[in-house]
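Below: one structure, written as structure tokens.
Numbering (my numbering), first residue to last: 200 to 353.
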């Protein structure tokens, strides 16, 4: 399917607008730290170089609004992976903030749509929860052999 021309950053605008909506006080109180794309791109470059192949599954255990997941989605698309497969099967995230989960699902759904595939937000594998309090074996959508790559804001 040929992608249709769209506003290039529509999905990222959802994430950025949400991140900007939180006050500095609220972010400090909740320990919320978002990752700018100027950081997520180089971190992903290092991780992919270390992995040495196109990952089958990528996890962001503290995905916020989905900035890292969108960066990974772009890279997987450039490697020839279809947009729907990326957001329905290859990317998995978890986040404490219910609203950030909604934003991440919407952003990844919009990203897929912008690249020619219709994926509903409910089909995106971003889950509400505390990744540090959940055993990896209990993660929703966790592949049997584990994730190929775990990436996120340290």
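Glycine residues also receive a C-beta, built at the ideal position from the N, C-alpha and C atoms.
CA-CA distance, residue 338 to residue 255, rounds to 17 Å.
Beta-bridge annotation (DSSP): residue 291 is paired with 258.
Minimum Cα-Cα distance from residue 349 among the listed residues 317, 277, 240 and 261 corresponds to 261. Collapsing the DSSP output to three states places residue 331 in coil.
Assigned with DSSP and collapsed to three states, residue 300 falls in helix. Per DSSP, residue 271 is one residue of the alpha helix (DSSP H) stretching across 266 to 277. Relative to residue 347, the option among 288, 330, 296 and 331 whose CA is nearest is 288. Assignment of beta-bridge partners to residue 326 by DSSP yields 293.
Taking 8 Å as the upper bound for CB-CB distance, residue 294 and residue 325 are in contact here, some 7 Å apart. Excluding the 5 residues flanking it on each side, residue 303 has same chain C-beta neighbours closer than 8 Å at 214, 262, 263, 264, 265, 268, 292, 294, 323 and 325, in chain order. Per DSSP, reduced to three states, the secondary structure at residue 349 is strand. Apart from sequence neighbours up to five positions away, the residues of its chain that approach residue 246 with a beta-carbon distance below 8 Å are 348 and 350, ordered along the chain. Residue nearest to residue 331 within the set 237, 259, 344 and 301 is 259 (criterion: CA-CA distance).
Just so you know, the alpha carbons of residue 250 and residue 244 end up roughly 10 Å apart. Here residue 333 has 293 as same chain residues with Cβ atoms under 8 Å from its own Cβ, once five neighbours each way along the sequence are excluded.
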